[in-house]
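S.K.: Pasting a structure below so you can have a look.
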Amino acid sequence: MLPVTVIQELEGILGRDNIIVDEHRIMAYDCDAYVAEKFMPSAVVFPQTTEQVVAIVRCLARKGIPFLPRGAGTGLSGGATPMNHEVVISLAKMDQLLNLDFENRRATVQPGFVNLMLTKRVANNGYYYAPDPSSQSVCTIGGNFAENSGGSHCLKYGVTTNHVVAAEVVLPSGEIVTVGEPYGDPVGLDLLGVLVGSEGTLGITTAITVKILPKPQAVKTILAYFDQVDDASQTVSDIIAQGIVPAACEIMDQLMIHAVEKSVYHVGYPQDIEAVLLVELDGMLESVEDNAQRVLDVCAQNHVRTSRIAQDDRERALWWNSRKMAFPAIGRISPDYLVQDGVIPRTKLSAALQRVSALSEEYGLRVANVFHAGDGNLHPLICYDARVEGQLQQALALGQRILEVCVDMGGSITGEHGVGIEKIGHMAYMFSEEEIKAQIDLRRVFDPQGLCNAGKLIPSPGACVENRSAHHTDDTVLAGVSQGGEHL
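Residue numbers (UniProt numbering): 1 to 488.
So, in structure tokens, the structure goes:
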């Protein structure tokens, strides 16, 4: 419980209606979408302006009270979980579109602005916002900034860091800094690159300027059914080997197909196929038509059962809605699930899925797979029943083994969901002691008091699983950073 004097000061900054201290109401903020660990915050506050964020942070920093920023709470790694009983600074009411500049293809938003709403606001002018996490209808751009979120179309268009050009950030001291450049290239240190993906550990973002893109002239979406998941994986590699860069390449395995077919978006997938491949192409009309035929040809060379192109926008939307329902659809076949987020080289998809299958049998838990096949970002969903004693622990252990498989194959422990508290124990499996120390030193520059979302992302020395610094190469480290950059 916060001291009464602190509560009164916060009420003076925000008004009584924008602070919650009642223990029953703050229970809603005891975790994010990573529900395996829950902790009660000491309070929840709702600023609406940068100036209010500054005043809150200065108040808490002066008293030595820990705090953390929170967006929509859709994070999947515990990044917004108040494990130190922090004051949760909810940015949900900072949800304004501050500026649109169509001439220079820029938009500036507050952190609580919902991802999909930006595309809706610019669509009539022929533009859209490219990063598209599956939760884009509810997740916020501030949360995307914190986690360096990706999405289905990151294969061609990149993740959040490729679309953010500038940001206003309140440091843990209460100082306001502006990083990046709205127009042109920034000069000096790439502080924006440090802050994007830092998971709310270096400061609180209060305004974000992003690129908006013109809609492509043509879009074609291809749906292909495969009797073997290995054939679907090989198809993806073969498509890209031909020099075709799709906007998206997504695969769902059989268990995931069964789950999404029980959802409201019923495509009519055959229940005996092992994999569905969804490929989207966009660009100039002539090139899209040519590449679509080439993709169909590659599918045929890899023993596709059937493949077809969406006939209209309605059918295309149905296919994508089915894919984006994958995570919640698991609730149709399992009372609980744990989603993982690892990265492997695209050419090792088949080998990685075989290892995941073997681990699933070893632990006696079903695993449904859905993944951004184009960039090797796996999302194994581990099914379990929390009512059965020991199953949660089994699911967590299985998830850890899957992450180790990803690193062993030259990949990363995260592609877009972040490290948070879920994966912090595996940072030393991927990074050397010297690399982790460098990250700790950088963090201290921004937050010398250690008050801002402490205990997330970067482990304390000696607090991790077996250090594998001798195991990985420099290429392994680069693979982890390039696939999402959530580590700093």
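We put the beta carbon where it would ideally sit given N, CA and C, even for glycine.
Kindly identify the DSSP beta-bridge partner or partners of Gly180.
M.R.: Ala166
S.K.: With DSSP run on the structure shown, which of helix, strand or coil describes His258?
M.R.: helix
S.K.: Can you tell me whether DSSP reads Tyr429 as helix, strand or coil?
M.R.: In the structure shown, Tyr429 sits in a helix (DSSP, three-state: H, G or I).
S.K.: Can the beta-carbon of Cys383 be found less than 8 Å from the beta-carbon of Ile330?
M.R.: yes
S.K.: May I have the straight-line CA-CA distance separating Ile20 from Met83, to the nearest angstrom?
M.R.: 18 Å
S.K.: Report the rounded CA-to-CA distance for His487 versus Phe67, giving the unit in angstroms.
M.R.: Legend: pLDDT at His487 = 28, less than 50; position of this residue unreliable, value from coordinates given subsequently. Between His487 and Phe67, the C-alpha separation is close to 20 Å.
S.K.: Per DSSP, what are the beta-bridge partners of Ala368 in this structure?
M.R.: Leu381
S.K.: Helix, strand or coil for Cys249? Go by DSSP, reduced to three states.
M.R.: strand
S.K.: Opposite Glu280 in the DSSP bridges: which residues?
M.R.: Thr221, Ala248
S.K.: Return the chain-ordered list of same chain residues with a C-beta closer than 6 Å to the C-beta of Arg70, the five sequence neighbours on each side being excluded.
M.R.: Ala80, Val88, Ser90
S.K.: Drop a sphere of 10 angstroms on the beta-carbon of Asp297, count the other beta-carbons inside from all chains shown, and report buried for 16 or more, exposed for fewer.
M.R.: exposed
S.K.: Assign Val295 to one of three DSSP states: helix, strand, or coil.
M.R.: helix
S.K.: Indicate the three-state DSSP secondary structure (helix, strand or coil) for residue 507 in the structure shown.
M.R.: As shown, the chain starts at 1 and ends at 488. That puts residue 507 outside it, with no answer to give.
S.K.: Ile413: buried (16+ other C-beta within 10 angstroms of its C-beta) or exposed?
M.R.: Buried, because 16 or more other Cβ atoms sit within 10 Å of the Cβ of Ile413.
S.K.: Cutting at 7 Å between CB atoms, please list the residues of its own chain near Gln391, excluding the five before and the five after it.
M.R.: Tyr384, Asp385
S.K.: Can you tell which of Phe327, Leu281, Val44 has the C-alpha that lies nearest to the C-alpha of His153?
M.R.: Selected option, being the one with the closest Cα: Leu281.
S.K.: Looking only at its chain, what residues have a beta carbon closer than 7 Å to the beta carbon of Ala61, apart from the 5 residues adjacent to it on each side?
M.R.: Pro172, Ser173, Gly174, Gln449, Leu451
S.K.: For Asp272, tell me which candidate among Ala232, Ala310, Gln228 has the shortest Cα-Cα distance.
M.R.: Put simply, of Ala232, Ala310, Gln228 the residue whose alpha carbon is nearest the alpha carbon of Asp272 is Gln228.
S.K.: Report the three-state DSSP secondary structure of Ala310 (helix, strand or coil).
M.R.: coil
S.K.: Could you compute how far the alpha carbon of Ile56 sits from the alpha carbon of Leu10?
M.R.: 7 Å
S.K.: Leaving out five residues on either side along the sequence, give the residues of the same chain with a beta carbon under 7 Å from the beta carbon of Leu398.
M.R.: Leu359, Tyr363, Leu365, Ile382
S.K.: Assuming Ala146 is part of the alpha helix (DSSP H), what are its boundary residues?
M.R.: 141-147
S.K.: Among Asp408, Tyr157, Tyr127, Val170, whose alpha-carbon lies nearest the alpha-carbon of Pro111?
M.R.: Val170
S.K.: Pull up the CB-CB distance for Ala352 and Met409, whole angstroms please, since I reckon it's below 8 Å.
M.R.: 6 Å
S.K.: Taking buried to mean at least 16 other C-beta atoms within 10 Å of its own C-beta, is Phe327 buried or exposed?
M.R.: Phe327 comes out buried.
S.K.: What would DSSP say about Asn99, mapped onto helix, strand or coil?
M.R.: strand
S.K.: Looking only at its own chain, which residues have a Cβ that is under 7 Å from the Cβ of Lys324, when we skip the five neighbours before and after it?
M.R.: Result list for Lys324: Ser134, in chain order.
S.K.: Looking only at C-alpha atoms, which of Ser432, Ala28, Ile251, Leu255 sits nearest to Ser334?
M.R.: Per the Cα distances, Leu255.
S.K.: Taking buried to mean at least 16 other C-beta atoms within 10 Å of its own C-beta, is Pro131 buried or exposed?
M.R.: Buried: at least 16 other Cβ atoms inside 10 Å.
S.K.: Tell me the rounded alpha-carbon separation between Ser77 and Leu457.
M.R.: 9 Å
S.K.: Taking DSSP as the reference, what is the three-state secondary structure of Thr414?
M.R.: coil
S.K.: Taking the straight line between their C-alpha atoms, what separation do you get for Glu466 and Val295?
M.R.: Residue placement at Glu466 is poorly supported in this model, since its pLDDT is 45, which falls under 50; the coordinates still yield a value, given next. Their Cα atoms are separated by approximately 43 Å.
S.K.: So, with DSSP's three-state summary, where would you put Val196?
M.R.: coil
S.K.: When we look at the beta-carbon of Arg443 and count the other beta-carbons within 10 Å, is it buried (16 or more) or exposed?
M.R.: buried
S.K.: Could you give the DSSP three-state label for Phe67: helix, strand or coil?
M.R.: strand
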